[in-house]
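Structure record follows, encoded as structure tokens.
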């Protein structure tokens, strides 16, 4: 069985991503707070990561949070009261919206919390970062 992917989120706004694990490396782009990132490798104080678009870059470890978020990849994702498409629809999230990840305890579903505090379940095939 493959090892489960390790995810973090960006802990601050406007964090610089680099092409190598060094402050003197080429600056590639800037990312926003809560963006989910998947770990590829770790080197003293640095983490090589990929994002939902498969872009790969290095980030300083100090700018990563253990608090996880997911990003909506479907054009419009439904969030339900329980992990069942027949349960009440709580809200919808558009593509590229970032939502707090709570757990992935139910196969095919992710429990999430919207920034307004409402919690529910979203299908794993509609998000990235879980």
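In this note's numbering, the protein residues as written are 477 to 606.
All C-beta atoms in this analysis are idealised placements derived from N, C-alpha and C, irrespective of residue type, glycine included.
Give the DSSP-derived three-state secondary structure of residue 602 in the structure shown. Three-state result, residue 602: helix.
Exposed or buried, what is residue 508 when buried is set at 16 or more other beta-carbons lying within 10 Å of its beta-carbon? exposed
Under 8 Å between C-beta atoms of residue 537 and residue 521: yes
Residue interval of the beta strand (DSSP E) (run including residue 571): Run containing residue 571: none; DSSP gives neither H nor E here.
Between which two residues does the beta strand (DSSP E) containing residue 533 stretch? 532-536
Same chain, Cβ closer than 8 Å to residue 568, neighbours up to 5 away in sequence not counted: Correct list, in chain order: 552, 553, 554 and 555.
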